[in-house]
Amino acid sequence: MKAATHLKQKKAVALISGGLDSMLAARTMIEQNIHVEGINFFTGFCVEGHTHAIRKQDKDKQKRNNALWVAEQLGIKLHIIDVIEEYKDIVINPKHGYGANLNPCLDCKCFMVKKALQWTQENNFDFIITGEVIGQRPMSQRRDTMPVVARESGANDLLVRPLCAKNLPATLPELNGWIDREKMHGFTGRSRKPQFKLAAEFGIEEYAQPAGGCCFLTDKSYANKLSDLWQARGERKYEFDDIMLLKIGRHLRPRPHFKIIVGREEGENNFMQGYRKQFTSMYTLSHSGPLVLADGKMSEDDIYLAARLTARFSQGRDAQSVQVLVKQVDKEEIKLDVPPLSSEEIPQEWYV
Amino acid sequence: MSHHTLDATRLLCPLPVIRTQNFVATLNRGDTVDVICTDPGAKNDIPAWSRINGHEIINTKDDGNNIVITVKVVGSSD
Ligand code: SF4
Chain A
125 MKAATHLKQK KAVALISGGL DSMLAARTMI EQNIHVEGIN FFTGFCVEGH THAIRKQDKD
185 KQKRNNALWV AEQLGIKLHI IDVIEEYKDI VINPKHGYGA NLNPCLDCKC FMVKKALQWT
245 QENNFDFIIT GEVIGQRPMS QRRDTMPVVA RESGANDLLV RPLCAKNLPA TLPELNGWID
305 REKMHGFTGR SRKPQFKLAA EFGIEEYAQP AGGCCFLTDK SYANKLSDLW QARGERKYEF
365 DDIMLLKIGR HLRPRPHFKI IVGREEGENN FMQGYRKQFT SMYTLSHSGP LVLADGKMSE
425 DDIYLAARLT ARFSQGRDAQ SVQVLVKQVD KEEIKLDVPP LSSEEIPQEW YV
Chain B
134 MSHHTLDATR LLCPLPVIRT QNFVATLNRG DTVDVICTDP GAKNDIPAWS RINGHEIINT
194 KDDGNNIVIT VKVVGSSD
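Going line by line, the protein sequences match chains A and B.
Per my numbering, the first sequence starts with residue 125, numbered consecutively.
Per my numbering, the second sequence starts with residue 134, numbered consecutively.
Structure below.
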């Protein structure tokens with residue numbers, strides 16, 4: 125008879141992004157009779173339905189959280205962890221630098237596996253699973269970065285990548301016989317075909333296929349806005365509200381020390397209303413128009429310029445004069461009658 | 134058994150789910166909580182989270198401004 129400890133079902137925590145790879149990796153381990161629970165980290169930059177939730181025109185679009193959906197399909201629990209504060213250091217000072225935009229993918233992977241390791245220790249789990257595939261992504265999933273993630277996260281041989289395990293050194297769960305190396309996979313490269321084939325074998329027909337990465341940091345226009353914010357503030361820092369506001373509206377920087385955010389539709393205007401206590405806000409009274417938030421220290425001239433911009437984005441853009449209500453933080457509301465800026469007076473460089 | 138209220142208004146998903154998850158972790162089996170949200174995504178996400186953790190949704194109200202989802206703690210709360 126085998127020892128009782130040998131019979132005890134081993135427990136693994138799987139990093140679940142909501143995409144197909146992590147779903148397949150978790151499923152591969154479930155097939156080997158491992159008790160799997162999912163973990164998902166909310167960094168603040170996650171693409172998950174935010175812009176859809178805000179924009180009225182997108183209201184009918186699917187708003188499900190893919191990580192939760194995947195967990196439900198797999199029949200596993202999912203723990204969603206808020207890492208907004210801790211993650212700042214990863215975005216601001218990535219040891220391994222950025223990818224094509226402001227995505228610190230390698231540092232991010234190390235960070236997430238490290239957090240997952242901490243979680244396994246606190247919850248008496250035995251090892252960690254990720255859906256990484258060698259060569260799948262240019263920055264964080266290369267043959268030479270696989271050991272970096274294992275080492276720098278501190279997970280070392282407790283980190284199992286079931287989709288490419290056959291191409292990597294054996295991990296502790298394999299050496300201890302908790303899992304069978306032969307029943308894992310040897311996927312490499314950018315082709316998605318092996319994943320699609322495995323999904324079909326598992327009878328998985330529906331899955332999210334995020335274009336690009338899993339977060340806004342891979343998005344060029346978002347990264348430009350974040351760089352602009354850092355440059356204007358003279359320091360690489362951000363608050364959660366900053367990064368939320370970068371996801372919405374038109375951003376224009378008419379002067380180095382202030383920018384305006386112009387709501388593009390009703391949903392964005394409503395969402396921005398919630399920030400009127402923190403930022404100078406403006407909207408047109410004489411005509412219908414968007415809500416505008418202004419960020420930065422502004423002189424009277426700056427307020428006047430921002431009001432003229434606000435008028436430009438309203439239905440009164442061709443009127444002689446437009447009345448704009450301006451509310452600065454800790455000041456009384458004022459009404460300004462201003463001529464809207466003409467389109468020629470708005471240089472393209474103002475658009476962030 | 135006690136009844137609670139959790140304000141998750143103005144938070145966008147997945148924050149209402151995270152707040153619910155963390156709050157439920159402090160409750161006992163049989164307790165209920167009204168989660169008040171404004172992000173319509175919560176109408177999918179909180180029930181999905183409850184299903185995978187074995188909790189029950191006993192009521193959902195949407196008055197056009199606020200969505201109130203009542204969760205009953207049934208599964209283990211960790
Ligand atoms: S795309 Fe974003 S979330 Fe994904 S690894 Fe890169 S930085 Fe991290």
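Even glycine gets a Cβ: it sits at the ideal position worked out from N, Cα and C.
What residues of chain A sit near Pro149 (chain B), judged by a beta carbon separation below 7 Å? For the purposes of this step, residue 149 (chain B) is taken as the residue at position 16 of the second sequence. Ordered by position in chain A, no residue passes the 7 Å Cβ test against Pro149 (chain B), which lies about 10 Å from the chain.
So if I threshold CB-CB distances at 7 Å, which residues from the stretch 152-169 of chain A count as touching chain C? This model lacks chain C altogether; the protein chains it does include are A and B.
Proximal residues to Thr193 (chain B) (C-beta, below 6 Å), its chain only, five neighbours per side dropped: Walking along the second sequence from the start, residue 193 (chain B) turns up at place 60. Cβ neighbours of Thr193 (chain B) beyond the five flanking positions: Ile202.
Could you give the residue range of the beta strand (DSSP E) that holds Tyr428 (chain A)? The residue given as residue 428 (chain A) occupies position 304 in the first sequence. Per DSSP, Tyr428 (chain A) lies in no beta strand (DSSP E) segment; the continuous alpha helix (DSSP H) that holds it begins and ends at 424-436.
Can you tell me whether Asp196 (chain B) is buried or exposed? The criterion is at least 16 other CB atoms within 10 Å of its CB, across all chains shown. Residue 196 (chain B) sits at position 63 when you count from the first residue of the second sequence. Under a 10 Å Cβ-count criterion, Asp196 (chain B) is classified as exposed, with fewer than 16 other Cβ atoms of the shown protein chains found around its own Cβ.
Can you find a C-beta in chain A that's less than 9 Å from the C-beta of Leu145 (chain B)? Position 12 of the second sequence, counting from 1, holds the residue named residue 145 (chain B). The beta-carbon of Leu145 (chain B) is placed less than 9 Å from the nearest beta-carbon of chain A.
Mind checking if Glu256 (chain A) is an interface residue toward chain B, Cβ cutoff 9 Å exclusive? Position 132 of the first sequence, counted from the start, is the residue given in the question as residue 256 (chain A). Chain B, which has no Cβ nearer than 9 Å to the Cβ of Glu256 (chain A), makes this no.
Below-9 Å beta-carbon distance, Ala181 (chain B) vs any chain A residue: Taking the second sequence and counting its residues from 1, one reaches residue 181 (chain B) at position 48. Yes, contact with chain A.
Applying a beta-carbon distance threshold of less than 9 Å, which residues of chain B neighbour Ala136 (chain A)? Here residue 136 (chain A) corresponds to residue number 12 of the first sequence, with the count starting at 1. Within 9 Å Cβ-Cβ: nothing; Ala136 (chain A) doesn't reach chain B, min ~17 Å.
Euclidean distance between Cα positions of Leu139 (chain A) and Phe166 (chain A): Taking the first residue of the first sequence as position 1, residue 139 (chain A) is located at position 15. Taking the first residue of the first sequence as position 1, residue 166 (chain A) is located at position 42. Going by the C-alpha atoms only, they are around 12 Å apart.
Among residues of its own chain, excluding the 5 on either side of Ile208 (chain A), which ones have a beta-carbon nearer than 8 Å to its beta-carbon? For this step, residue 208 (chain A) is matched to residue 84 along the first sequence. Exclusion of the five residues before and after Ile208 (chain A) leaves Phe166, Thr167, Gly168, Phe364 as the residues of its chain whose Cβ lies within less than 8 Å of its Cβ.
Using a Cβ-based criterion (distance less than 8 Å to any ligand heavy atom), does Ser264 (chain A) qualify as near ligand 1? For the purposes of this step, residue 264 (chain A) is identified with residue 140 of the first sequence, where counting begins at 1. Using a cutoff of 8 Å, the CB of Ser264 (chain A) counts as near ligand 1, since one of the ligand's heavy atoms is closer than that.
On the CB-based measure, 16 or more other CB atoms within 10 Å of its CB, does Thr138 (chain B) come out buried or exposed? Taking the second sequence and counting its residues from 1, the one referred to as residue 138 (chain B) is at position 5. Its Cβ having fewer than 16 others within 10 Å, Thr138 (chain B) is exposed.
What three-state label does DSSP hand Thr203 (chain B) in the structure shown? What you label residue 203 (chain B) is simply residue 70 of the second sequence in a count that begins at 1. Under the three-state reduction of DSSP output, Thr203 (chain B) falls in the strand class.
For Gln444 (chain A), which three-state DSSP category applies? Here residue 444 (chain A) is taken as the residue at index 320 of the first sequence, counted from 1. Reduced to three states, the DSSP call for Gln444 (chain A) is coil.
Ligand 3 heavy atom lying under 8 Å from the CB of Asn217 (chain A): Annotation note on ligand 3: not contained in the displayed structure, which lists ligand 1 as its ligands.
Hey, would you say Thr152 (chain A) sits closer than 9 Å to Leu287 (chain A), going by beta carbons? Residue 152 (chain A) sits at position 28 when you count from the first residue of the first sequence. Residue 287 (chain A) sits at position 163 when you count from the first residue of the first sequence. Yes. Within cutoff.
To the nearest angstrom, how far is the alpha carbon of Gly221 (chain A) from that of Glu276 (chain A)? Taking the first residue of the first sequence as position 1, residue 221 (chain A) is located at position 97. Taking the first residue of the first sequence as position 1, residue 276 (chain A) is located at position 152. In a straight line, the C-alpha of Gly221 (chain A) is about 15 Å away from that of Glu276 (chain A).
Should Trp354 (chain A) be flagged as near chain B, meaning a C-beta pair shorter than 9 Å? The count along the first sequence starts at 1 and reaches residue 354 (chain A) at position 230. Chain B, which has no Cβ nearer than 9 Å to the Cβ of Trp354 (chain A), makes this no.
Could you check if Cys146 (chain B) belongs to the surroundings of ligand 1, using beta carbon to heavy atom distance under 8 Å? To locate residue 146 (chain B), count along the second sequence from 1; it is residue 13. No, ligand 1 has no heavy atom inside 8 Å of this Cβ.
Measure the alpha-carbon distance for Ala127 (chain A) versus Lys176 (chain B) and round it to whole angstroms. The count along the first sequence starts at 1 and reaches residue 127 (chain A) at position 3. The count along the second sequence starts at 1 and reaches residue 176 (chain B) at position 43. For Ala127 (chain A), the predicted structure reports a pLDDT of 46, less than 50, and the residue's modelled location is therefore unreliable. A value from the coordinates is still provided. Going from the Cα of Ala127 (chain A) to the Cα of Lys176 (chain B) covers about 47 Å.
Is Gln265 (chain A) helix, strand or coil when you go by DSSP? Working through the first sequence from its first residue, we reach residue 265 (chain A) at position 141. If DSSP states are grouped into helix, strand and coil, Gln265 (chain A) belongs with the strands.
Relative to ligand 1, is the shortest distance from any of its heavy atoms to the C-beta of Gly223 (chain A) smaller than 8 Å? Residue mapping note: residue 223 (chain A) aligns to position 99 of the first sequence, counting from 1. Taking the Cβ of Gly223 (chain A) as the reference point, at least one heavy atom of ligand 1 falls within a distance shorter than 8 Å.
Please list, in chain order, the chain A residues whose beta carbon lies closer than 7 Å to that of Arg184 (chain B). As a first step, residue 184 (chain B) must be located in the second sequence, where it is residue number 51. Within 7 Å Cβ-Cβ: Glu196.
Straight-line gap, Pro218 (chain A) to Pro262 (chain A) (C-alpha atoms, nearest Å): As a first step, residue 218 (chain A) is located in the first sequence; it is residue number 94 there, counting from the start. As a first step, residue 262 (chain A) is located in the first sequence; it is residue number 138 there, counting from the start. CA-to-CA, the gap between Pro218 (chain A) and Pro262 (chain A) works out to about 16 Å.
Thr434 (chain A) beta carbon less than 9 Å from that of Val416 (chain A): The residue given as residue 416 (chain A) occupies position 292 in the first sequence. The residue given as residue 434 (chain A) occupies position 310 in the first sequence. In this structure, Val416 (chain A) sits near Thr434 (chain A), with a CB-CB distance shorter than 9 Å.
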